[in-house]
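Undergrad:
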Amino acid sequence: MCMKFVVPFDQGHADMKATLGGKGANLAEMTRVGLPVPPGFTVTTDVCRAYYALGGQLPDGVREEVASALRVLESSQGKQFGDPAKPLLVSVRSGSVTSMPGMMDTILNLGLNDETVAGLAALTGDARFAYDCYRRLIQMFGNVVFQIESHHFESQLSRLKQRLGVGQDSEVSAEGWQELIESYRSIVVKETGRPFPQDVREQLELAVEAVFRSWNNTRAQVYRKIHRIPDEQGTAVNIQAMVFGNLGADSGTGVLFTRNPSTGERRLYGEYLINAQGEDVVAGVRTPVPIEQLGADMPLVFDQLERTAAMLEKHYKDMQDIEFTVEQGALYLLQTRSGKRTAQAAVKVAVDMANEGLISRGDAVERIEPFHLDQLLHRAIDVDQALDVLASGLPASPGAATGEAVFDADLAEAWSRAGRKTILVRSETTPEDIHGVLAAEGVLTSRGGMTSHAAVVARGMGKPCVCGCEAVRIEDRSFVVHAGGEFVTIREGDTISIDGSTGRVIRGGVNLREPELTEELQQLLRWADDIRTLQVYTNADTPEDAAKARDFGAEGIGLCRTEHMFMSAARVPVVQAMILADSAEERAEALEKLLPMQQQDFEGLFRAMDGLTVTIRLLDPPLHEFLPNMEQLVLQHERLRNDPNASSEEIDRNEKLLRKVRSLHEMNPMLGTRGCRLGLVLPEIYEMQADAIFRAVVRCLEEGIDVRPDIMIPLVGHANELIRMRELVTKRAEAILGDKAATFPYHVGTMIEVPRAAITAAQIAKHADFFSFGTNDLTQMTFGYSRDDAEGKFLAHYVETKLLPENPFQVLDEDGVGRLIEWAVEQGKAVKPLLKTGICGEHGGDKSSIFFCHAAGLDYVSCSPYRVPLARIAAAQAQL
Ligand code: ADP
Ligand code: MG
Ligand code: MG
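Counting in full-length UniProt numbering, the sequence shown tops out at residue 880, every number present.
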């Protein structure tokens, strides 16, 4: 293998991300197409991997290659690195393969020391500027290379500004900076026991190594874990000639998106600061100015920037996130990459770009991360309510959230683990807060712009965020805000709400409104529908859910769980009476009462799904689930016995319940009398359900509704079980539909959720019109993991220690469960080529599982209503 150590910007291109990192590859690409990029070169990710392989040492030859690339850079700039008369300054910039914004380190103004700083001052005629650069270098270098915490430097800076009586960094004089540099120097000596290095080559080498080390800092590791970025990727290091945005009023620095990353609107969107350098914009030091203002401040530069943005979009065929600097009126591009965006923006940008002819409709569909749609279907604050609005900040990431205010990330995490919903409130967030952002429902910051850390991270995670809310004054574990003529204090644990779509901060909880589909999303979904062959059904138990799912594009109900119809408060007593019945007559009486209720349920579903399949699963759970729990009954029993006022009827009823619960008690109910086993032991229940279905059919047919019921028998493991249950259903159909039973198109099929059913699929298929893979139970029984016990206990450990790649209840286990599905489909279709097959577990809404279902040749996936749009997109992507 040939290792490349160093690649100059003018020798690389965009497709070299794996070796040059994203930043390096795009700097090379921009150089190649003739954009104004300060020259430089990239130390490759190969070097990073070798550095770690060697236990933290640069491989032989790297120093020489860097030195010779530096010589080329020097001559192109007409300056020398370390030359007191004409010093070349460079930035040393990390650049991973997959973008990890803010996670890794960059150092600016490298090459300054006590001599060159004077040279720079003389060269530019601006001592203030030169010393400003130098103090920045010492701080960044101290922080990145020597790991000196920033607050040591920051507190000196604030103290200086206070003493000088100035508010802004740009108002500090050259002498002020020189003074600060002296105290910075002492900080370095005090914290590290060594002085800030004056040898510029030593600076460079230490900086390069520090960037490599930053690949493994904690926050970068956490970020990689969350975003599933492989640890082996490594980072590149870019060494680039400095240009200066802090050279006065005709200089500046900024960041910009080619379209609005929140809404997708096609208009430049960004912020900049005059007379500033590097991170000033995103660090929240000064509040930046909206990019439109640049049109007035520097019309020529703005014009050039607009043209460049359009050109880059065309070139990359995607929305770009651009970093730029203006040095005395000249524009320089310092970075471009695909812009991170909200789901809403992703959809709008993809649809717009397809309509603009920039990409194809298939490309547009492929651009959408299906899980992003979860965000798109955002909650919003219901309009019909009085809101106690405390303040307004920037609408940094859309969606509304309610939770208890917390003021540090660790607490947000702890409370969320305890099941509490929180809003993380910070003056600004840093990469160290990322776990808190992840845990919280939403984020509120008092400082920082739309491109601040909190905003970027929250948008990436799809969390609502309001930032730069300056009215909020954060104190220790509380904040104070002046609202409605009074001072309001919000303490830790007080409930607040934020609206990341408008920027509002609200006292107390709010009613949230469920989201609707936008015009663009509907367009995109229609394109997806044109592409996909896999159908998308929904799991729905109520007419409301069914109607919602139908709005979202569901093409049928793949699973209606009838037990949910047993659980409403009004029905529980009837269901209990049915279970507690001492005789067949008593039971029949109770079932008689349940029948019209069930019939009504089914009528509602049929009406909502007029013309579409409704798959109804007969009762599945064990009966004890409908009775009070045993411990409770025992306690009550004790209480009643000792209560002189308790009536004998009450005592009798309690004893009877207790006896029944004891008799129904099973050691292992998941593997006990449930599903078709219950249907075989107590056929009256399934008979009642079948009657209810067919009576609903009769009624709906009278109304002119196109009814298409599929009746599904749960938990079949042996063909004989299905044979008996099918007989039962057929009999009831004949009894109720009469002559019509022969021609009315209903189907009887089964869940495939017991491994034996999958294995003997050929026998079962003879008696089934359809198979629906119940992947929750199938996973549970194939692994032999009790789902209810596994998730909170050993499974988390398994996934954490990488024993299992994923939680198999979330992402379908293709090697095990998947093989069973493939086998069952193949065997079943061999017997019955038109056998309809689908999946109705939680997996029906997971992207990779949907890809699997498509490949396995299933006819449909069925998922919860909110996941239907996601499944439509994923099914199309599986086809592409
Ligand atoms: P990050 O990956 O954290 O964004 P960058 O390497 O992009 O770090 O550097 C951050 C900022 O520093 C850039 O946006 C730019 O403003 C500034 N910067 C980096 N290199 C240079 C340079 N050669 N000249 C001027 N400014 C630079
Ligand atoms: Mg940065
Ligand atoms: Mg950058």
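Positions of the beta carbon are idealized from the N, C-alpha and C atoms, including for glycine.
Where does Gly558 sit, in a helix, a strand or coil, going by DSSP?
TA: Here residue 558 corresponds to residue number 558 of the sequence shown, with the count starting at 1. DSSP places Gly558 in strand when its eight states are reduced to three.
Undergrad: Using only the heavy atoms of ligand 1, determine whether one of them is closer than 7 Å to the beta carbon of Arg93.
TA: In the sequence shown, residue 93 corresponds to position 93, counting from 1. Yes - ligand 1 has a heavy atom lying nearer than 7 Å to the Cβ of Arg93.
Undergrad: Quick one: grab the DSSP three-state call for Arg71.
TA: What you label residue 71 is simply residue 71 of the sequence shown in a count that begins at 1. Note: Arg71 maps to helix in three-state DSSP.
Undergrad: How big is the Cα-Cα spacing for Glu306 and Tyr272?
TA: By 1-based counting over the sequence shown, the position of residue 306 is 306. By 1-based counting over the sequence shown, the position of residue 272 is 272. Going from the Cα of Glu306 to the Cα of Tyr272 covers about 14 Å.
Undergrad: Would the beta-carbon of Pro38 be found less than 7 Å away from any heavy atom of ligand 1?
TA: Taking the first residue of the sequence shown as position 1, residue 38 is located at position 38. For ligand 1, at least one heavy atom lies less than 7 Å from the Cβ of Pro38.
Undergrad: Identify whether Met1 lies in helix, strand or coil by the three-state DSSP scheme.
TA: Here residue 1 refers to the residue found at position 1 when the sequence shown is read from its first residue. Annotation note: pLDDT 48 at Met1 (below 50); position unreliable, coordinate value reported separately. Coil.
Undergrad: Report buried or exposed for Met1, applying the criterion of at least 16 other Cβ atoms within 10 angstroms of its Cβ.
TA: Within the sequence shown, numbered from 1, the residue matching residue 1 stands at position 1. Confidence at Met1 is low in this model, with a pLDDT of 48, below 50, so its placement is unreliable and the value that follows should be read with caution. Exposed is the call here.
Undergrad: Distance check for Asn629 and Pro370, CA to CA, integer angstroms please.
TA: Along the sequence shown, one-based indexing puts residue 370 at 370. Along the sequence shown, one-based indexing puts residue 629 at 629. Distance between the alpha carbons of Pro370 and Asn629: 40 Å.
Undergrad: In chain order, which beta strand (DSSP E) runs of at least 3 residues are fully inside the segment 824-862?
TA: 836-839
Undergrad: Does the Cβ of Ala454 lie closer than 7 Å to at least one heavy atom of ligand 4?
TA: Questions concerning ligand 4 fall outside what the structure shown contains, since the ligands it does hold are ligand 1, ligand 2 and ligand 3.
Undergrad: Tell me which residues pass a beta-carbon proximity test against ligand 3: closer than 6 Å to any heavy atom, given in chain order.
TA: Output, sorted by chain position: Glu323, Gln335.
Undergrad: For ligand 1, is there a heavy atom less than 7 Å away from the beta-carbon of Gly278?
TA: Translated into the one-based positions of the sequence shown, residue 278 becomes position 278. Yes, ligand 1 has a heavy atom inside 7 Å of this Cβ.
Undergrad: Considering only heavy atoms of ligand 1, does any lie closer than 7 Å to the CB of Val457?
TA: Within the sequence shown, numbered from 1, the residue matching residue 457 stands at position 457. No, since every heavy atom of ligand 1 falls outside the 7 Å radius drawn around the Cβ of Val457.
Undergrad: Near Glu492, which residues of its chain fall below 8 Å by C-beta distance, leaving aside the five closest residues on each side in sequence?
TA: Walking along the sequence shown from the start, residue 492 turns up at place 492. Excluding sequence neighbours, Glu492 sits near Glu404, Ala405, Val406, Phe407, Leu411, Arg477, Ser478.
Undergrad: Taking only heavy atoms of ligand 1 into account, decide whether any of them is closer than 7 Å to the Cβ of Gln240.
TA: Against the sequence shown, residue 240 aligns to sequence position 240. Checking the 7 Å criterion, the Cβ of Gln240 is within range of a heavy atom belonging to ligand 1.
Undergrad: Does DSSP classify residue 907 as helix, strand or coil?
TA: Nothing in the structure corresponds to residue 907, since the chain is present only between 1 and 880.
Undergrad: Consult DSSP for Gly784 and reduce its assignment to one of helix, strand or coil.
TA: Working through the sequence shown from its first residue, we reach residue 784 at position 784. Coil at Gly784, not helix or strand.
Undergrad: So is Ser99 buried or exposed if we call it buried at 16+ other beta carbons inside 10 Å?
TA: Numbered from 1 along the sequence shown, position 99 holds the residue referred to as residue 99. Buried, by the Cβ-count rule.
Undergrad: Could you check if Val536 belongs to the surroundings of ligand 1, using beta carbon to heavy atom distance under 7 Å?
TA: In the sequence shown, counting from the first residue as 1, residue 536 sits at position 536. No, ligand 1 has no heavy atom inside 7 Å of this Cβ.
Undergrad: Using a Cβ-Cβ cut-off of 6 Å (strictly less than) and excluding sequence neighbours within five positions of Arg872, which residues of its own chain qualify?
TA: As a working mapping, residue 872 is identified with position 872 in the sequence shown. So the list reads Leu525, Ala528, Val536, Gly553, once near-sequence residues are dropped.
Undergrad: Sorted by chain position, which residues of the same chain lie with C-beta nearer than 6 Å to Asp433's C-beta, five sequence neighbours on each side aside?
TA: Here residue 433 refers to the residue found at position 433 of the sequence shown. Only Ala409 meet the Cβ criterion.
Undergrad: If you draw a straight line from the alpha carbon of Gly270 to that of Asp318, how long is it in whole angstroms?
TA: Start at 1 with the first residue of the sequence shown, and residue 270 comes out as number 270. Start at 1 with the first residue of the sequence shown, and residue 318 comes out as number 318. Cα to Cα, Gly270 sits roughly 17 Å from Asp318.
Undergrad: At which residue ranges does the segment 253-323 contain complete beta strand (DSSP E) runs of 3 or more residues, listed in the order of the chain?
TA: 269-274
Undergrad: Taking 6 Å as the limit between beta carbons, can you name the residues of its chain near Val389, skipping five residues before and five after?
TA: Working through the sequence shown from its first residue, we reach residue 389 at position 389. Once the five neighbours on either side are set aside, the close Cβ partners of Val389 are Arg504, Ile506.
Undergrad: Within this structure, are the beta carbons of Ser446 and Glu327 separated by less than 8 Å?
TA: Along the sequence shown, read from residue 1 onward, the residue named residue 446 stands at position 446. Along the sequence shown, read from residue 1 onward, the residue named residue 327 stands at position 327. Cβ distance not < 8 Å, so Ser446 and Glu327 don't count as in contact.
Undergrad: Assuming Ala343 contacts Leu300 under a Cβ cut-off of 8 Å, what Cβ separation, rounded to an integer in Å, is found between them?
TA: Along the sequence shown, read from residue 1 onward, the residue named residue 343 stands at position 343. Along the sequence shown, read from residue 1 onward, the residue named residue 300 stands at position 300. With a Cβ gap of about 37 Å, Ala343 and Leu300 do not count as contacting.
Undergrad: Going straight from the alpha carbon of Cys48 to that of Arg136, what length do you get?
TA: Here residue 48 refers to the residue found at position 48 of the sequence shown. Here residue 136 refers to the residue found at position 136 of the sequence shown. About 26 Å.
Undergrad: Would you kindly report the start and end of the unbroken alpha helix (DSSP H) that includes Val634?
TA: Position 634 of the sequence shown, counted from the first residue, corresponds to residue 634. 630-642 is the span of the alpha helix (DSSP H), which, as asked, contains Val634.
Undergrad: Quick one: what does DSSP say Ala391 is sitting in, helix, strand or coil?
TA: The residue you call residue 391 lines up with position 391 of the sequence shown. Reduced to three states, the DSSP call for Ala391 is strand.
Undergrad: Mind checking whether the beta-carbon of Leu331 lies closer than 7 Å to any heavy atom of ligand 1?
TA: Taking the first residue of the sequence shown as 1, we reach residue 331 at position 331. Relative to ligand 1, the beta carbon of Leu331 is positioned no closer than 7 Å to any heavy atom.
Undergrad: Is Thr106 close to ligand 1? I mean its beta-carbon at under 7 Å from any heavy atom of the ligand.
TA: Sequence index remark: in the sequence shown, residue 106 carries index 106 (1-based). Yes - ligand 1 has a heavy atom lying nearer than 7 Å to the Cβ of Thr106.
Undergrad: Please return the same chain residues whose Cβ sits closer than 6 Å to the Cβ of residue 881, not counting the five positions on each side in sequence.
TA: Residue 881 lies beyond the stretch modelled for the chain, which goes from 1 to 880, so this question has no answer here.
Undergrad: With the cut-off set at 8 Å, would you say Ile705 and Phe606 are in Cβ contact?
TA: Stepping through the sequence shown from its first residue, residue 705 is reached at position 705. Stepping through the sequence shown from its first residue, residue 606 is reached at position 606. Result yes, Cβ atoms of Ile705 and Phe606 sit closer than 8 Å.
Undergrad: In chain order, what residues of the same chain lie with their CB nearer than 6 Å to the CB of Phe851, ignoring the 5 residues before and after it?
TA: Taking the first residue of the sequence shown as 1, we reach residue 851 at position 851. These residues qualify, in order along the chain: Ala878.
Undergrad: Flag Gly509 as yes when its Cβ comes closer than 7 Å to any non-hydrogen atom of ligand 1, and as no otherwise.
TA: For the purposes of this step, residue 509 is taken as residue 509 along the sequence shown, with counting starting at 1. No, since every heavy atom of ligand 1 falls outside the 7 Å radius drawn around the Cβ of Gly509.
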